[in-house]
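Novice:
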Amino acid sequence: MFWDYFEVLAPSVGLFFIFWLVMRSLFRGDSGERDARRDAEEREAQAWAARRAAQQRGVDENETAEKL
Numbered sequence: 012m013f014w015d016y017f018e019v020l021a022p023s024v025g026l027f028f029i030f031w032l033v034m035r036s037l038f039r040g041d042s043g044e045r046d047a048r049r050d051a052e053e054r055e056a057q058a059w060a061a062r063r064a065a066q067q068r069g070v071d072e073n074e075t076a077e078k079l
């Protein structure tokens, strides 16, 4: 009796387990990619802010020299 039910349910349970493994790997990969992208964008924003600040300091120094 048990083996009859097992033979009927085993393929479905097996397919569900495979589906679960595939979906878990997709979600984990997507999460890792989002983390990496966020870190890269943060580094890019910091570099842009540093360049912008350097340009503004250069402009401010030139304006100060012109006023003197």
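Residue 61 in this note's numbering is what sits at position 50 of the sequence shown, and the numbering runs on without skipping anything.
Positions of the beta carbon are idealized from the N, C-alpha and C atoms, including for glycine.
Please read these numbers as outputs of a predicted model, since none were measured by experiment.
(1) According to DSSP, simplified to helix, strand and coil, what is M12?
(2) Measure the C-alpha to C-alpha separation of M12 and E18 and round it to an integer number of angstroms.
(3) Using the Cα positions of E44 and A61, report the straight-line distance between them to the nearest angstrom.
Specialist: By the coordinates alone:
(1) In the sequence shown, residue 12 corresponds to position 1, counting from 1. The answer is coil: DSSP assigns M12 none of H, G, I, E or B.
(2) For the purposes of this step, residue 12 is taken as the residue at position 1 of the sequence shown. For the purposes of this step, residue 18 is taken as the residue at position 7 of the sequence shown. Approximately 10 Å between the Cα atoms of the pair.
(3) Here residue 44 refers to the residue found at position 33 of the sequence shown. Here residue 61 refers to the residue found at position 50 of the sequence shown. Each residue's alpha carbon lies about 26 Å from the other.
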